[in-house]
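Numbering (the working numbering), first residue to last: 824 to 976.
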């Protein structure tokens, strides 16, 4: 059986709490959330849309909304009539939050591979966990966190 690494587990638990606690607390769209979920809903409904950004962000936001809508305790997507005002903000915010937690672990693994020092890797993961920019980008339904994630891969 693999030995559980307590410090990184604790950092990941803190990352989950910081990113998922009260995720839907801000009702409605904030900043560029007025664009990306609308584009995602148009993609899901088969309507045309125009975005100056590469499509992977809209595809992932669409996936986030779709997966949230098929959960048994949520309203089906068609019940909201593809209207952004009736869409639960958690439906387009949970995937960036999850990616933000994964980024904390990826930063740990990458820095461990580069330096081969566990304390340095834990410090890097802690910085990623508590960094304000990463925290904000992973709590809103924006596409910035995807750029960082795919940049690290």
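Glycine included, every Cβ here is placed at the ideal spot set by N, Cα and C.
On a predicted model such as this, the values are computed, not experimentally measured, just so you know.
{"Query": "Go ahead and pull the three-state DSSP assignment for residue 858.", "Result": "coil"}
{"Query": "One question on the structure: do residue 858 and residue 888 come within less than 9 Å of each other, judged by their Cβ atoms?", "Result": "no"}
{"Query": "CA-CA distance, residue 865 and residue 950?", "Result": "37 Å"}
{"Query": "Assuming the contact rule is C-beta atoms closer than 8 Å, residue 891 and residue 897 should be a hit. Round their C-beta distance to whole Å, please.", "Result": "6 Å"}
{"Query": "Report the CB separation of residue 941 from residue 933 in whole angstroms; it is logged as a contact under 8 Å.", "Result": "Incorrect: roughly 13 Å between the Cβ atoms, too far for contact."}
{"Query": "Under 9 Å between the Cβ atoms of residue 925 and residue 963?", "Result": "no"}
{"Query": "What do you get for residue 880, buried or exposed, if any count of 16 or more other CB atoms within 10 angstroms of its CB means buried?", "Result": "buried"}
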